[in-house]
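Reviewing the structure listed below.
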Amino acid sequence: MNEVVVVAALYLTKVFLVSALLFTYYRLFLRNKLFHQYNRYYLLGATLTSLVLPLVHLPIPATFPLMGRTPALGYALHVIVPGDWKEPGEAVHPVVSIWSWRSAGILLTGVYAAAIMILLSAFIRQLWHIRQLPKKYPREKLGRIDLFMTREPGTPFSFLNRLFWNEEIAIDSARGRQIFLHEWYHIRQRHTLDLLWLKAVRAIFWVNPFFYLIYGEIRTIHEFLADRYAVEGGDRYEYAELLVWHSVDSRPLSILHPFFQSSIKRRITMLTQVHSTRPGYWSRMMVLPMTFLLLCAFAVKKHGAETYRSPGPFTVVIDAGHGGSDNGTVAGDAREKDINLALALKVKALAPEYHINVLLTRETDELAGGKSDIHASLEYRVEMAKENKADLFVSLHVDNSAGGPRRHGFGVFVSPDNAHFAECQKLGSALLDAVRPTYAADQLLHQPTQGVYILRQTPMPAVLLECGFIDNPTDLAFIRDGRNQEKVARDILQGIQHYQQTQAAL
2 MNEVVVVAAL YLTKVFLVSA LLFTYYRLFL RNKLFHQYNR YYLLGATLTS LVLPLVHLPI
62 PATFPLMGRT PALGYALHVI VPGDWKEPGE AVHPVVSIWS WRSAGILLTG VYAAAIMILL
122 SAFIRQLWHI RQLPKKYPRE KLGRIDLFMT REPGTPFSFL NRLFWNEEIA IDSARGRQIF
182 LHEWYHIRQR HTLDLLWLKA VRAIFWVNPF FYLIYGEIRT IHEFLADRYA VEGGDRYEYA
242 ELLVWHSVDS RPLSILHPFF QSSIKRRITM LTQVHSTRPG YWSRMMVLPM TFLLLCAFAV
302 KKHGAETYRS PGPFTVVIDA GHGGSDNGTV AGDAREKDIN LALALKVKAL APEYHINVLL
362 TRETDELAGG KSDIHASLEY RVEMAKENKA DLFVSLHVDN SAGGPRRHGF GVFVSPDNAH
422 FAECQKLGSA LLDAVRPTYA ADQLLHQPTQ GVYILRQTPM PAVLLECGFI DNPTDLAFIR
482 DGRNQEKVAR DILQGIQHYQ QTQAAL
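Under our numbering, the first residue of the sequence shown carries the number 2, and numbering increases by one thereafter.
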């Protein structure tokens, strides 16, 4: 449940950022300009882009110019500090209760859904009210228009192909004809569809203030367009006077197009504004590079290995910690052994792209080597790495806060008892540097206060990579997501490849 909440929150955040950037551009460079039709389509497109762009993922090869990460020949070694760790064979793995944050996720989801239901209910009530109006008045067919002569407050107004007229206004008078042309334009251009779409978006994404601002601007732009059509060949100043003298205080439904409504000042300004000899081509054309930048920021994802090629076979043992009867740390239905295995399998699947030979200590839910006890399983992992003459050993785990303050992010353990301790420090530093752009990672390497068998006994550089804390809801949601596991798997391989390249350059 909480994975869904986290993913939804991330999506809403991206929608907010995209809509904020697009509306800010409109506000600075396009608002109150005379190209109203362009602005209408820009705002509608901005709304759709805000909703769709965060869902788009465009993988590109890492070797694409300027997009691939060029491996450096060196990196800063991270400082080593003491860190708590218990040998898996001795550890007591408490069942961590996550009902508190799970309940919080359910509560937030319920509140958000309740707000949507309230707003959609109000929207439906508006639609129902409009649907009832034709039943109260006779209909007259004027081409594609259904004309209703009414005494409703706020009339005349239009909705879809229906025009609700006020009986007190003579439709064949000069002013009546201008008002009719104004409403006819709304109907012909299907402006009501814009408002229905944006009204639904506002209800579903009610936390995003920019959709409210876009909605208000679209309504005003509709009026600009209809006003301009109504005064073609007529006296614009007389029409402006009509707007002023017939402004009323009624508050019509927001999905209608009432002729006499707010924004009178802006409408008059647009009516009387002299057409500029500089129609704002640059303001409109700059939308293209801005859209490209947004696409790069929110949709383009690097895919594939680095351009560096290993000079020869490079074998790495990836150890999926725990397994079988050893669950590791547990939080609700989340078990560390399952997360470790899923991540290890992704590393192995992607390894050929990075020209790295990956061996797994286990590929199923069992203790490594099919052993019956934990210590024998640990011995098997070390012997397997020896027999295959592995270059590196990386053990994957997920930690827990052990009853202390809730902790967050990735971390690396290295042991001074390893015969290649200096290389362990380099490998651990490379892994932290590789993971950090994807997720929070510790700035320091940790030296376990108790001995860790696999780190001490393996005759090659070995590190233990902790992929977050299982009792931290953010960490858990991140590392259980398959797409995030693929990102982390690529980071691990890139870190190994970076270490490999640096060693080859020495």
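Where is the CB? At the ideal position from N, CA and C, for every residue including glycine.
| Query | Result |
| --- | --- |
| Cβ contact (3+ pairs, closer than 8 angstroms) linking the segment 212–226 and the segment 33–44 | yes |
| Inter-residue CB distance, ALA241 and HIS183 (contact presumed, cutoff 8 angstroms) | At roughly 13 angstroms, the Cβ-Cβ gap does not stay under 8 angstroms, so ALA241 and HIS183 are not in contact. |
| Proximity of LEU397 and ALA321 at Cβ, strictly below 9 angstroms | yes |
| Which of helix, strand or coil DSSP assigns to ALA73 | Note that ALA73 has pLDDT 43, beneath the 50 cutoff, so the model's placement of it is unreliable and the number below is only indicative. If DSSP states are grouped into helix, strand and coil, ALA73 belongs with coil. |
| Cβ pair ILE146, ILE180 closer than 9 angstroms | no |
| Alpha-carbon spacing of TYR186 relative to HIS409, whole angstroms | 58 angstroms |
| At least three beta-carbon pairs within less than 8 angstroms, the segment 412–424 to the segment 475–483 | no |
| Simplified DSSP assignment, three categories, for THR151 | strand |
| Cα-Cα separation, HIS447 to ASP400 | 13 angstroms |
| Own chain residues within Cβ distance below 7 angstroms of ALA490, not counting five before or after | LEU344, LYS347, VAL348, LEU351 |
| For THR316, the first and last residue of its enclosing beta strand (DSSP E) | 316–321 |
| Beta-carbon proximity list for THR459, same chain, < 6 angstroms, skipping 5 on both sides | VAL383, ALA386, PHE394 |
| Span of the alpha helix (DSSP H), counted from its first residue to its last, around ARG163 | Note, ARG163: premise wrong, no alpha helix (DSSP H); beta strand (DSSP E) at 163–167. |
| Secondary structure of ILE172, DSSP reduced to three states | coil |
| Candidates ALA423, ASN473, ASP434: closest to GLN504 by CA position | ALA423 |
| The segment 199–211 / the segment 14–25 touching (three or more Cβ pairs under 8 angstroms) | yes |
| For ASN389, three-class secondary structure by DSSP | coil |
| Given 8 angstroms, three or more beta-carbon pairs between the segment 431–438 and the segment 365–373 | no |
| Span of the alpha helix (DSSP H), counted from its first residue to its last, around SER159 | Looking at the DSSP string, SER159 is not in any alpha helix (DSSP H); the run it does join, the beta strand (DSSP E), is 158–160. |
| Where LEU67 sits in the DSSP three-state scheme | In this predicted model, LEU67 has a pLDDT of only 42, less than 50, meaning its place in the structure is not dependable enough to derive any value. |
| Among GLU467, GLN133, MET118, PHE158, nearest to TYR440 - alpha-carbon criterion | GLU467 |
| Through-space distance from ALA175 to ARG229, alpha-carbon basis | 16 angstroms |
| CB of LEU121 within 9 angstroms of CB of ALA201, strictly | yes |
| Environment of HIS192 [buried if 16+ CB atoms lie within 10 Å] | buried |
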